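A.B. asks: Residue numbers (our numbering), protein chains in the order written: chain A, 138 to 623; chain B, 21 to 281.
C-beta: ideal position from N, C-alpha, C; glycine also.
In this text the structure is predicted, and so the values were computed from the model without any measurement.
I am attaching a structure below and will ask some questions about it afterwards.
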Amino acid sequence: MIKIIKPLNTTRRTLVAVLMMTAIVLPGSLFAQRNDDNARYSALLTRLESLKQEATLVEDILQIQRLGRSFGFYLDKGYFGEAADLFTDSGRVQYGMDGVYIGRDRIQELFTRHGGGSMNAGPGLPFGRLNLHMQLQPLVTVADDGRTASARWREWALLGNYKEQAQWGDAIQENDYIKEGGVWKISAMRFYTNFVAPYEGGWASLQPVFGNWQSEVARSFRPDQPAPGNYRPFPSVYTPPYHYANDRRAISAPGPIALRRRPNDVLGQLEANADAQELKLARLHSARAVENLQAMYGYYIDKGKWTEAASLFSEDGVWEFGQRGQYIGRDSIRRGLALMGPEGLESGQLNNYPMLQPVIHVSEDNSRAWGRFRSDVMLARNGTGQWGGGVYENEYINDNGTWRISKQHYWVTFWGDYDQGWTGAGIIPMAPASTTNPPDAPPSVVYQSFPNTYVVPFHYDHPVTGEPHNDMGRLTADQAAGRNVR
Amino acid sequence: MNTFKLLTKKTNLIQNKLLKVSLLFLVTCNLGLVTGAALSQTPAQLEALQSELEALSIRTERLQDVEEIEILQRSYGYYVDKSLWYSLHDLWTEDGTLEIGGRGVFTGKDRVFEYMNVGLGPVGPARNLLVDHQQFQNIVTISADGQSAELRGIAMVMSSGGWGHCYYENDFVKENGVWKMKTLHGPFNMYSGYDIGWVDNIIINTWPAKFPPPPDLPPSVIYLAYPSYYVEPYHYPNPVTGAPMPPHDPAAGGEAFGREQ
């Protein structure tokens with residue numbers, strides 16, 4: 138008996154112990170598990186909403202870029218009614234010192250008159266009329282509620298009448314936008330003409346403007362309201378107000394992201410999916426923030442705002458320009474920038490550095506970025522105009538959610554006087570390192586600008602093949618390293 | 021029965037009772053757990069979350085698509101700058117086409133290479149030759165299925181020949197997850213020399229025999245650039261009204277030739 142009972146007893150004792158443990162511990166842990174799952178589930182719902190908002194923000198930036206670019210494409214070809222349709226019912230255009238025009242009909246007529254179209258015909262332009270208005274360098278800030286936005290744009294225009302005149306146009310726009318019924322529209326355009334200059338002689342030939350400089354259009358087509366305040370165009374130096382003067386949202390994005398391990402259960406799979414979306418959206422947002430950051434730098438350089446421009450760099454940031462050498466750290470960078478002129482520029486100085494053609498790549502963890510840009514520059518000082526051109530290969534760093542420039546390198550393609558540009562004897566070689574305001578380090582690469590040519594090395598692999606740019610293997614070592622002398 | 025046996029029997033009784041209580045407790049708790057789980061996350065809720073995340077991933081992918089196509093188009097410009105024809109022709113699909121100005125249509129990426137290498141000069145930058153092709157103002161529209169895209173853009177040319185301004189209305193396709201150029205169509209708006217700019221000294225267009233190599237197909241449209249008026253059709257509707265672009269009005273006066281339908 139005992140021999141039989143004893144094993145039974147032991148088994149039973151063990152069974153009871155296990156069941157008691159299970160009864161006490163397992164339901165406890167399952168309750169905890171359930172509470173934990175509930176928390177994970179509701180956290181996912183919350184995250185989903187914030188990820189949707191993040192996607193909406195990037196979509197908003199693209200849509201506002203699309204509005205501005207469409208505006209340019211419509212003016213180019215005399216689609217003035219279509220341009221006016223981009224505005225709200227009570228949309229406003231403040232045009233230079235002409236005044237303010239309110240409502241789509243008035244806006245259509247304003248641009249029709251400026252562009253040389255006809256209010257009696259449909260879209261189009263007369264023979265011989267050139268009205269190309271390139272809309273460049275968007276810097277878009279979307280408000281926190283996602284219902285309004287502001288953007289700064291640069292307009293570079295080619296204007297003229299065949300066999301009569303050819304003109305360059307230069308302007309800044311500071312625009313407001315509103316989302317009505319899910320559609321972004323322009324609610325206000327502040328169009329700050331800087332100059333309309335004859336091709337012959339260029340902007341450096343312009344004389345200072347005195348008195349009323351309203352356009353011919355405004356004299357016969359009166360505005361609905363006078364222009365608020367007053368400013369004078371080039372050769373005076375005027376800085377249209379920055380909508381982002383105290384607002385850095387345009388260069389903000391989520392901080393660096395480390396991928397997390399998730400439990401191998403249903404919720405864990407959803408969490409991993411949300412993690413992947415979060416990272417992708419963060420990198421897309423960051424690419425737009427870097428585009429805005431480089432635009433912001435350009436808009437400061439335009440007006441000699443060296444201190445503001447230097448503040449966009451990381452503390453140990455590097456600024457390198459042509460063969461002038463490298464300036465390291467914000468104080469040094471400000472010294473380097475001042476090689477271009479006094480803070481705020483001097484009267485008659487033009488220092489337009491448009492930031493164009495961005496190719497931006499953000500690192501896998503959203504902590505760093507690389508950007509290739511182009512800047513073809515319009516300059517003037519002491520009554521002399523210049524053209525210049527070059528390519529940037531820059532590096533950026535995500536400083537806890539604010540993007541900063543960690544390395545800026547402008548490779549000069551050509552520099553020339555206005556009259557002959559790059560076509561003849563007007564070529565100007567690159568300036569060497571300054572002796573009065575020397576750099577912290579010599580140029581990182583030695584090369585010569587036009588008429589010598591070279592390839593600025595690409596920070597990225599070919600977008601289709603995924604391989605390094607295969608022409609590079611076919612170029613000479615000097616060309617590939619950016620030192621061609623051929 | 022000795023005390024030991026009695027004790028054992030009692031213990032067994034207690035154990036039996038405990039066993040029943042434990043089992044009951046366990047069953048009750050687990051029932052409760054199942055009911056509780058049903059109240060927090062049903063399979064339907066989890067599926068709804070899953071499909072919301074999938075919808076979001078499509079939006080994310082479209083944003084990624086726009087960025088990749090911008091990079092493709094802008095890289096094209098950087099390649100032209102320095103005559104990087106291998107990199108340039110690698111942007112195309114095998115059967116993609118190129119049509120610039122009035123030169124006609126070149127079919128296949130090998131002919132794209134030939135157009136550049138024969139027509140514009142050998143691979144690599146050359147001394148005293150500037151061919152900067154700045155890429156501006158890209159408007160990218162992705163198809164609903166995410167497999168094709170269209171782009172309107174500008175090339176602002178600063179070259180040894182002077183100034184140039186042309187549009188692009190290009191098509192792209194996604195092949196095995198990679199965006200490629202399917203059609204590059206670049207109608208001229210204005211080309212002029214440097215000396216006096218576009219007041220005169222205008223190139224109104226090119227034509228198939230203007231320089232080698234010859235095209236595979238004649239131009240898809242006959243037009244004259246500035247000082248005449250030609251507008252390349254817009255691939256996208258007005259972003260505010262959603263209406264397609266109306267045709268231009270010949271009464272506006274600048275048209276030289278219409279688009280051949």
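What's the call for residue 231(B), buried or exposed, on a 16-neighbour Cβ count within 10 Å?
C.D. replies: Exposed.
A.B. asks: Any beta carbon from chain A within less than 8 Å of residue 205(B)'s own beta carbon?
C.D. replies: Residue 205(B) does not count as touching chain A.
A.B. asks: Could you give the distance in angstroms between the alpha-carbon of residue 52(B) and the alpha-carbon of residue 176(A)?
C.D. replies: Because residue 52(B) sits at a pLDDT of 43, beneath the cut-off of 50, its placement in the model cannot be relied upon, and the following sentence gives the value as read from the coordinates. Straight-line Cα distance between these residues: approximately 19 Å.
A.B. asks: With respect to the beta strand (DSSP E) encompassing residue 170(B), which residues constitute its N-terminal and C-terminal limits?
C.D. replies: Residues 168-179.
A.B. asks: In three-state DSSP terms, what is residue 262(B)?
C.D. replies: Three-state DSSP puts residue 262(B) in coil, outside helix and strand.
A.B. asks: Between the alpha carbons of residue 208(A) and residue 525(A), how many angstroms are there, rounded?
C.D. replies: The alpha-carbon atoms of residue 208(A) and residue 525(A) are separated by roughly 27 Å.
A.B. asks: On the DSSP bridge assignment, give the partners of residue 413(A) in chain order.
C.D. replies: Answer is none; residue 413(A) lacks a bridge partner.
A.B. asks: If you reduce the DSSP assignment to three classes, tell me which class residue 119(B) lands in.
C.D. replies: Looking at residue 119(B) - three-state DSSP - the assignment turns out to be strand.
A.B. asks: Can you give the beta carbon distance from residue 261(A) to residue 144(B), rounded, assuming they're within the 8 Å contact cut?
C.D. replies: No, residue 261(A) and residue 144(B) are not in contact; Cβ-Cβ is about 43 Å, not under 8 Å.
A.B. asks: Compute the Euclidean distance between the alpha carbons of residue 160(B) and residue 257(B), then round it to the nearest angstrom.
C.D. replies: Each residue's Cα considered, the two are about 12 Å apart.
A.B. asks: What separation, rounded to the nearest whole angstrom, lies between the Cα atoms of residue 519(A) and residue 170(B)?
C.D. replies: Each residue's alpha carbon lies about 46 Å from the other.
A.B. asks: Starting from residue 320(A), trace the beta strand (DSSP E) in both directions and tell me its first and last residue.
C.D. replies: Looking at the DSSP string, the run of the beta strand (DSSP E) that includes residue 320(A) is 320-335.
A.B. asks: What is the DSSP secondary structure of residue 147(B), reduced to helix, strand or coil?
C.D. replies: Correct three-state label for residue 147(B): coil.
A.B. asks: Report, in whole angstroms, the separation of the C-beta atoms of residue 222(A) and residue 260(B), which I expect to be a contact under 8 Å.
C.D. replies: Correct: roughly 6 Å between the Cβ atoms.
A.B. asks: Is the stretch 430-445 of chain A in contact with the stretch 389-400 of chain A, if contact means three or more CB pairs nearer than 8 Å?
C.D. replies: Too few Cβ pairs lie closer than 8 Å, so no.
A.B. asks: Assuming residue 251(B) and residue 268(B) are in contact, meaning their beta carbons sit under 8 Å apart, how far apart are those beta carbons, in whole angstroms?
C.D. replies: Confirmed, about 5 Å.
A.B. asks: Note down the Cα distance separating residue 271(A) from residue 292(A), rounded to an integer number of angstroms.
C.D. replies: Approximately 6 Å between the Cα atoms of the pair.
A.B. asks: Residue 225(A) to residue 323(A), Cα distance in whole Å?
C.D. replies: Roughly 6 Å separates the two Cα atoms.
A.B. asks: Just the chain B side, please: which residues come within less than 8 Å of residue 192(A) by C-beta, in chain order?
C.D. replies: Under the 8 Å cutoff, chain B gives 76, 79, 80 and 83.
A.B. asks: Does any CB atom of chain B fall closer than 8 Å to the CB of residue 173(A)?
C.D. replies: With 8 Å as the cut-off, residue 173(A) does not count as an interface residue toward chain B.
A.B. asks: Excluding sequence positions up to five away, which residues of its chain have a Cβ less than 7 Å from the Cβ of residue 256(A)?
C.D. replies: Closer than 7 Å at the Cβ level, and outside the excluded window around residue 256(A), lie 246 and 249.
A.B. asks: Measuring straight from C-alpha to C-alpha, what distance separates residue 398(A) and residue 195(A)?
C.D. replies: So the alpha carbons of these two residues sit roughly 27 Å apart.
A.B. asks: List the endpoints of the continuous beta strand (DSSP E) containing residue 277(A).
C.D. replies: From DSSP, the beta strand (DSSP E) with residue 277(A) extends over 266-279.
A.B. asks: Hey, how far is the Cα of residue 83(B) from the Cα of residue 177(B)?
C.D. replies: Residue 83(B) and residue 177(B): Cα-Cα distance of roughly 29 Å.
A.B. asks: Can you list, in chain order, the residues of its chain with a C-beta nearer than 6 Å to that of residue 456(A)? Leave out the 5 residues immediately preceding and following it.
C.D. replies: Once the five neighbours on either side are set aside, the close Cβ partners of residue 456(A) are 464, 470, 473 and 545.
A.B. asks: What span of residues does the beta strand (DSSP E) with residue 498(A) cover, start to end?
C.D. replies: Note, residue 498(A): beta strand (DSSP E), 493-499.
A.B. asks: Return helix, strand or coil for residue 183(A), following the three-state DSSP convention.
C.D. replies: In this structure, residue 183(A) counts as helix in the three-state DSSP scheme.
A.B. asks: Residue 116(B) and residue 175(B): beta carbons closer than 8 Å?
C.D. replies: No. Outside cutoff.
A.B. asks: DSSP three-state call for residue 198(A): helix, strand or coil?
C.D. replies: DSSP places residue 198(A) in helix when its eight states are reduced to three.
A.B. asks: From the DSSP output, read off the bridge partner residues of residue 190(B).
C.D. replies: Residue 190(B) pairs with 171(B).
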